[in-house]
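Asker:
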Amino acid sequence: NNIDLNLLQRSFVKFTATFPKRLTGVYMALRTRHAPLHHHLHRIGKVPSPHCPHCPDTNETVPHLLLNCPSYRQDRHALTVVLGRKASSLPFLLSNPLATQPLVRFLNAT
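Encoded structure:
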């Protein structure tokens, strides 16, 4: 139930001010850990297991999807090519305007 308190700050509102509503919703879901991933869906009774469909012993969480899941290694590499080492920083991915387009491309690819 960890809600990102930065979500309530003006900087987040300013960061998402020009986003389409759908993209703002995606960022809200990722930052509050309420994205439609198995870990969250299991907590609300929508799927039987919190585990990643590709990694049977690992919960499918936002950090797992964005930083660790081996199934998305190639897509993650594209993030790294554009963003460098910052692509492995969850706070950077979810709050820096430079990460927005590469992150959206990654999410669309997954």
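Each step along the sequence shown adds one to the number in the UniProt record's numbering, with nothing skipped, and position 50 is 50.
Just so you know, even glycine gets a beta-carbon here, dropped at the ideal spot from N, CA and C.
Under the rule that 16 or more other beta-carbon atoms within 10 Å means buried, what is residue 79, buried or exposed?
Answerer: Counting from 1 along the sequence shown, the entry for residue 79 is found at position 79. It is buried - the Cβ of residue 79 has at least 16 other Cβ atoms within 10 Å.
Asker: Just the C-alpha distance for residue 92 and residue 43, rounded to the nearest angstrom, thanks.
Answerer: Looking up residue 92 in the sequence shown gives position 92. Looking up residue 43 in the sequence shown gives position 43. Distance between the alpha carbons of residue 92 and residue 43 is about 27 Å.
Asker: When the Cα atoms are used, what is the spatial distance from residue 18 to residue 103?
Answerer: If you number the sequence shown from 1, residue 18 lands on position 18. If you number the sequence shown from 1, residue 103 lands on position 103. Distance between the alpha carbons of residue 18 and residue 103 is about 16 Å.
Asker: Got a sec, what are the start and stop residues for the alpha helix (DSSP H) residue 93 sits in?
Answerer: As a first step, residue 93 is located in the sequence shown; it is residue number 93 there, counting from the start. Segment 90-95, the alpha helix (DSSP H) holding residue 93.
Asker: Which residue wins for smallest C-alpha separation from residue 63, given the options 101, 45 and 35?
Answerer: Locating residue 63 in the sequence shown gives position 63, where the first residue counts as 1. Nearest of 101, 45 and 35 to residue 63, Cα basis: 35.
Asker: Would you identify the three-state DSSP class for residue 34, choosing helix, strand or coil?
Answerer: One-based indexing of the sequence shown puts residue 34 at position 34. If DSSP states are grouped into helix, strand and coil, residue 34 belongs with coil.
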